[in-house]
Amino acid sequence: MEAFAVLVLIVFSVVVQTVGRMRGAPNVPAFFWVMLLLSTMAPIATGWLVLNKGDVLDSASVAKAKDHAHVTVPEGYALLVTGQLNPEDSDKEDAFKTSYTLRVSAQDGKWKEKVTGDITKQNQGKQQIKAIQGETISESGKKPTNRTGQHVQDRFVLAGNGPVDIFVENYSGTAAVSLLLEVTQAPPKALWLWGFAVFSSLIGIYFQAWKKCDQVSGDLGGLAFYAVFLADGITPTASWFNVGTAFLPGMFLGWGVVAGLAWLATKYVDSGSKSKA
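Here it is in structure tokens:
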């Protein structure tokens with residue numbers, strides 16, 4: 001669990017600095033400590049869910065175009081696609097990448113969608129093939145590759161649930177000899193994570209501007225936004241490098257955008273106080 005250890009290290013490095021600043025600050029609201037705890041647990045809990053496969057409720061395998069598979073996806077679960085890498089090496093470019101397109105449809109015909117992705121394996125030579133972004137109607141985002149260029153797993157939160165038919169529309173390249181399709185627990189819903197991140201950021205701005213809690217808007221917002229980007233693309237095969245780079249967009253939003261808004265709010269509050277004086 002090297003990747004999860006890196007995640008915890010990142011989170012607690014932020015929390016230790018925040019606690020150090022606030023311990024000496026006067027009149028810190030009790031609710032601040034509640035929000036700090038919630039913002040700390042958000043990326044840790046999300047990271048644990050996305051990095052651990054958990055129970056596999058159903059599974060199937062496909063290996064070529066026009067293959068069919070049938071699985072049952074309950075509510076709250078997702079389709080985890082794992083490439084079974086070809087152990088043989090080749091000089092051909094397509095030996096290091098397999099592109100796939102799956103048509104997923106409910107057996108009752110109520111919904112259908114297509115999911116696409118790429119499996120890449122490490123090139124033992126000088127050339128390394130980069131993974132291309134996989135997309136789905138219900139979820140899309142950057143799919144991580146580790147520093148070697150290898151990417152073997154995608155997770156798709158489908159548009160519906162229940163028994164589904166899976167048809168392979170495209171299967172090109174020889175990096176993966178087959179695709180293992182597993183039904184595993186889905187990450188927290190994006191709407192929930194974004195909602196909490198925005199709420200945590202607004203509370204942080206309030207604490208910083210009106211309660212004079214120094215720099216806490218970025219801390220609360222940055223931690224909460226980290227959970228958002230962990231849920232978007234991180235899978236059980238992700239490396240510590242993937243988990244570390246997932247922190248960067250959260251850092252930009254928290255300590256960039258949210259902290260900037262808090263600075264403006266602080267200026268507004270200070271100007272109002274001076275005018276009243």
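Numbering (the numbering used here) for the sequence shown: 1 to 277. Here a beta-carbon is modelled for each residue, glycine too, at the ideal position from N, C-alpha and C.
* To do: State the CB to CB distance for the pair Val-183 and Tyr-77, rounded to an integer number of angstroms; the pair is presumed to be in contact (CB under 8 Å).
  => Taking the first residue of the sequence shown as 1, we reach residue 183 at position 183. Taking the first residue of the sequence shown as 1, we reach residue 77 at position 77. Right, the Cβ-Cβ distance comes to about 5 Å (below 8 Å), so this counts as a contact.
* DSSP state of Gly-160 mapped onto helix, strand, coil -> Position 160 of the sequence shown, counting from 1, holds the residue named residue 160. Gly-160: coil per DSSP, three-state reduction.
* If we ignore side chains and look at the alpha-carbon of each, how far apart do Pro-188 and Val-157 end up? -> Within the sequence shown, the letter at position 188 stands for residue 188. Within the sequence shown, the letter at position 157 stands for residue 157. Put simply, the backbone Cα of Pro-188 is about 10 Å away from that of Val-157.
* Just tell me which of Ser-178, Lys-53 and Ser-200 has its CA closest to the CA of Asp-219. => Taking the sequence shown and counting its residues from 1, one reaches residue 219 at position 219. Nearest to Asp-219 by alpha-carbon distance, out of Ser-178, Lys-53 and Ser-200, is Ser-200.
* Asked: Taking the alpha helix (DSSP H) that Thr-46 falls in, what are its first and last residues?
  -> By one-based count along the sequence shown, residue 46 stands at place 46. Residues 30-51.
* Asked: When you compare each of Pro-26, Asn-52, Val-15 and Leu-51 to Val-34 by their alpha carbons, which one comes out closest?
  -> By 1-based counting over the sequence shown, the position of residue 34 is 34. Selection Pro-26, Asn-52, Val-15 and Leu-51 evaluated against Val-34 yields Val-15 as nearest (Cα-Cα).
* Between Gly-222 and the rest of its own chain, which residues show a CB-CB distance below 6 Å, the 5 nearest in sequence each way excluded? -> Walking along the sequence shown from the start, residue 222 turns up at place 222. Excluding positions up to five away in sequence, the list reads Gly-250, Met-251, Gly-254 and Trp-255.
* Can you name the start and end residues of the beta strand (DSSP E) that Asp-58 belongs to? -> Stepping through the sequence shown from its first residue, residue 58 is reached at position 58. Its beta strand (DSSP E) spans residues 58-62.
* Asked: Is Pro-188 near the ligand MG, going by C-beta to nearest heavy atom under 7 Å?
  -> As far as ligands go, the structure on display features none, and thus does not contain the ligand MG.
* Below 6 Å CB to CB, which residues in the same chain sit around Arg-155 once its five sequence neighbours on both sides are set aside? => By 1-based counting over the sequence shown, the position of residue 155 is 155. The answer, listed in chain order, is Ala-78, Leu-80 and Thr-235.
* Asked: How long is the line joining the alpha carbons of Thr-101 and Ala-265, rounded to whole angstroms?
  -> Counted from its first residue, the sequence shown places residue 101 at position 101. Counted from its first residue, the sequence shown places residue 265 at position 265. Roughly 48 Å separates the two Cα atoms.
* Got a sec, what are the start and stop residues for the beta strand (DSSP E) Leu-102 sits in? -> Here residue 102 corresponds to residue number 102 of the sequence shown, with the count starting at 1. For Leu-102, the uninterrupted beta strand (DSSP E) run begins and ends at 97-106, by DSSP.
* Take Glu-169 and list the residues in its own chain whose beta-carbon comes closer than 6 Å to its own, dropping the five residues that flank it on each side. => On the sequence shown, residue 169 is found 169 positions in, with the first residue counted as 1. Around Glu-169: Thr-101 and Arg-103.
* Asked: Could you give the distance in angstroms between the alpha-carbon of Thr-46 and the alpha-carbon of Leu-179?
  -> Translated into positions along the sequence shown, residue 46 becomes position 46. Translated into positions along the sequence shown, residue 179 becomes position 179. Roughly 25 Å separates the two Cα atoms.
* Alpha carbon to alpha carbon, how far is Thr-120 from Asp-58? Give it in angstroms, no decimals. => Counting from one through the sequence shown, the residue named residue 58 turns up at place 58. Counting from one through the sequence shown, the residue named residue 120 turns up at place 120. Computed Cα separation, rounded: 25 Å.
* Taking buried to mean at least 16 other C-beta atoms within 10 Å of its own C-beta, is Ala-176 buried or exposed? -> Within the sequence shown, numbered from 1, the residue matching residue 176 stands at position 176. It is buried - the Cβ of Ala-176 has at least 16 other Cβ atoms within 10 Å.
* To do: List the endpoints of the continuous alpha helix (DSSP H) containing Ile-10.
  => Your numbering for residue 10 matches position 10 in the sequence shown. From DSSP, the alpha helix (DSSP H) with Ile-10 extends over 2-23.
* Is Val-73 closer than 8 Å to Ile-44 when the C-beta atoms are compared? -> Position 44 of the sequence shown, counted from the start, is the residue given in the question as residue 44. Position 73 of the sequence shown, counted from the start, is the residue given in the question as residue 73. In this structure, Ile-44 lies away from Val-73, with their beta-carbon atoms at least 8 Å apart.
* Out of Ala-95, His-151 and Ser-239, state which residue places its alpha-carbon closest to the alpha-carbon of Ala-5. => Translated into positions along the sequence shown, residue 5 becomes position 5. Closest by alpha carbon: Ser-239.
* Asked: Buried or exposed: Leu-36, going by 16 or more other Cβ atoms within 10 Å of its Cβ?
  -> To locate residue 36, count along the sequence shown from 1; it is residue 36. With 16 or more other Cβ atoms within 10 Å, it is buried.
* Asked: Comparing alpha-carbon positions, which option in Asn-161, Asp-89 and Glu-75 lies nearest Gly-109?
  -> Here residue 109 refers to the residue found at position 109 of the sequence shown. Looking from the CA of Gly-109, the closest CA among Asn-161, Asp-89 and Glu-75 belongs to Asn-161.
* If we call anything under 8 Å between Cβ atoms a contact, is Ala-231 one with Ala-190? -> Here the question's residue 231 lines up with position 231 in the sequence shown. Here the question's residue 190 lines up with position 190 in the sequence shown. By the CB criterion at 8 Å, Ala-231 and Ala-190 fall inside the cutoff.
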